[in-house]
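Reviewing the structure listed below.
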Amino acid sequence: MKSRFGLSLISAALSTCMSFSAEALEANPGDYEKFPSGATIGLLYYQHGRGDEAYARGAKTTSDAKLETNVGIIRLLHVYEIAPGVTVDPQFLLPVGAISTGGVLSPLGSPGGVGDLIMATAFKFKLNTEFNDVFAITPYLIAPTGTYDENKALNFGTNRWQGVIQAAYVKHFNPVWSLDLIGDVAFYSDNTRYNLGGIGRLSQDPQFELQAYLRYKINPALEVGGGLGGKIGGNQSFEQTSLRNSQATQYGRLAVAYFPEPTLQIQAMIGQDFIVENGTKQSTFLQLRIAKIFP
3 MKSRFGLSLI
13 SAALSTCMSF
23 SAEALEANPG
33 DYEKFPSGAT
43 IGLLYYQHGR
53 GDEAYARGAK
63 TTSDAKLETN
73 VGIIRLLHVY
83 EIAPGVTVDP
93 QFLLPVGAIS
103 TGGVLSPLGS
113 PGGVGDLIMA
123 TAFKFKLNTE
133 FNDVFAITPY
143 LIAPTGTYDE
153 NKALNFGTNR
163 WQGVIQAAYV
173 KHFNPVWSLD
183 LIGDVAFYSD
193 NTRYNLGGIG
203 RLSQDPQFEL
213 QAYLRYKINP
223 ALEVGGGLGG
233 KIGGNQSFEQ
243 TSLRNSQATQ
253 YGRLAVAYFP
263 EPTLQIQAMI
273 GQDFIVENGT
283 KQSTFLQLRI
293 AKIFP
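First residue of the sequence shown? That's 3 in the working numbering, and the numbers climb one at a time after it.
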């Protein structure tokens, strides 16, 4: 049986992994606009996150839970038109990077490597011709291909399959104002080689996430946006013992996107967590993204 301290470290490690997985699938403002049919789009992301405050069941436990993530994501997609006003965007995302810990989280180590491969197909439906409003649904499949060592408490890979269903609605009020509404639910298989030399079993309940972004187009090449998001659920059990680490996180994001030319976009986004139920509260989130459209 793990000690109370051991269980708390496991809970912190898993909350960390849950947070990273959520950021990898977090939609950005404008992501669900319809892309040109036949286009291939390549994207490169850099994400940096940092936090020091740890929470357990809504109460702050320490200000010395240093956690820093530096992650790069490679993403590639192609757009097919399968019917008038309907496109399909098959794609993959591959994260690479490192997690650094300090303070009371130092025993978790500082792993790095390749993350789990993310495969997805976005189905986008044009709802009208006046404003080009969009409804979309995207199934994700996350394969256990990332760097994983069952003898370590914290890993970059998760050693389990994950499935996510994400739905989005894009409303254009006029040529300059628009609203993105995104929601998803994630499901998880068991990790049968978690810790304890590979003989422990980790289970996780479904997790839900909602996002809302308001965007304003300053001119055809420059757009700003901001909004809120939140996660709930996802409680985990280790060897049938509940870790009581369900997510109840609220966060904010501000973004600016610029097209130096019609086929190249540069996006910068900043944010932070406002409320965290379990895990490390992210005081700083920074993302830089470059997207290139190949017609």
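The beta carbon of each residue, even a glycine, is placed where N, CA and C say it ideally should be.
For clarity, every value in this text was computed on a predicted model and none was experimentally measured.
What is the rounded straight-line gap between the Cα of residue 235 and the Cα of residue 27?
So the alpha carbons of these two residues sit roughly 16 Å apart.
Which residues in the same chain as residue 42 place their Cβ atom closer than 6 Å to its Cβ, once the five residues preceding and following it in sequence are excluded?
Answer for residue 42: 80, 296, listed in chain order.
7 Å Cβ shell around residue 222 - same chain, five flanking residues per side excluded
If we look at residue 222 and ignore the five residues flanking it on each side, it has no Cβ neighbours.
State the start and end residues of the unbroken beta strand (DSSP E) segment that holds residue 88.
Where residue 88 is concerned, the enclosing beta strand (DSSP E) stretches over 88 to 105.
Would you decide whether residue 195 is buried or exposed? Buried here means 16 or more other CB atoms lie within 10 Å of its CB.
Buried is the call here.
Whose C-alpha, out of 97, 135, 292, is nearest the C-alpha of residue 120?
The shortest C-alpha separation from residue 120 is found at 97.
Using the rule of at least 16 other Cβ atoms within 10 Å of the residue's Cβ for burial, across every protein chain shown, is residue 24 buried or exposed?
Any reading at residue 24 must be qualified, since the residue scores a pLDDT of 49, below 50, and its modelled position is unreliable; the value itself is stated next. By the Cβ-count criterion, residue 24 is buried, with 16 or more other Cβ atoms from all chains shown falling within 10 Å of its own Cβ.
Which residue from 91, 237, 68 puts its Cα closest to that of residue 279?
Checked all of 91, 237, 68; the closest Cα to residue 279 is 237.
Buried or exposed: where does residue 157 fall if 16 or more other Cβ atoms within 10 Å of its Cβ makes it buried?
In the assembly as shown, residue 157 is a buried residue. Its beta-carbon has 16 or more other beta-carbons within 10 Å.
In terms of residue numbering, what span does the beta strand (DSSP E) encompassing residue 231 cover?
224 to 235 is the span of the beta strand (DSSP E), which, as asked, contains residue 231.
Given this structure, state the Cα-to-Cα distance separating residue 254 from residue 83, to the nearest angstrom.
Rounded to the nearest angstrom, the gap between the Cα atoms of residue 254 and residue 83 is 34 Å.
In whole angstroms, what separates the C-alpha of residue 166 from that of residue 62?
So the alpha carbons of these two residues sit roughly 30 Å apart.
What distance in whole Å lies between the Cβ atoms of residue 51 and residue 287, which are believed to be in contact at a cut-off of 8 Å?
Beta-carbon to beta-carbon, residue 287 and residue 51 are separated by about 5 Å, close enough to satisfy the 8 Å threshold.
Rounding to the nearest angstrom, what Cα-Cα distance links residue 210 and residue 265 in this structure?
Approximately 34 Å, taken between the alpha carbons.
Starting from residue 163, follow its DSSP beta bridges and name the residues at the other end.
Note: residue 163 sits in no beta bridge, so no partner.
Considering just the uninterrupted stretch of the beta strand (DSSP E) at residue 1, what are its terminal residues?
No statement about residue 1 is possible, as the shown extent of the chain runs from 3 to 297 and does not include it.
Which listed residue (118, 126, 68, 78) has its alpha carbon closest to that of residue 106
Minimum Cα-Cα distance from residue 106 among the listed residues 118, 126, 68, 78 corresponds to 68.
Below 8 Å between beta carbons: does that hold for residue 126 and residue 138?
Contact flag set, yes.
Cβ neighbours of residue 44 in the same chain (closer than 6 Å, five flanking residues each side left out)
Within the same chain, Cβ atoms closer than 6 Å to the Cβ of residue 44 are found at 78, 294, the five residues on either side in sequence being excluded.
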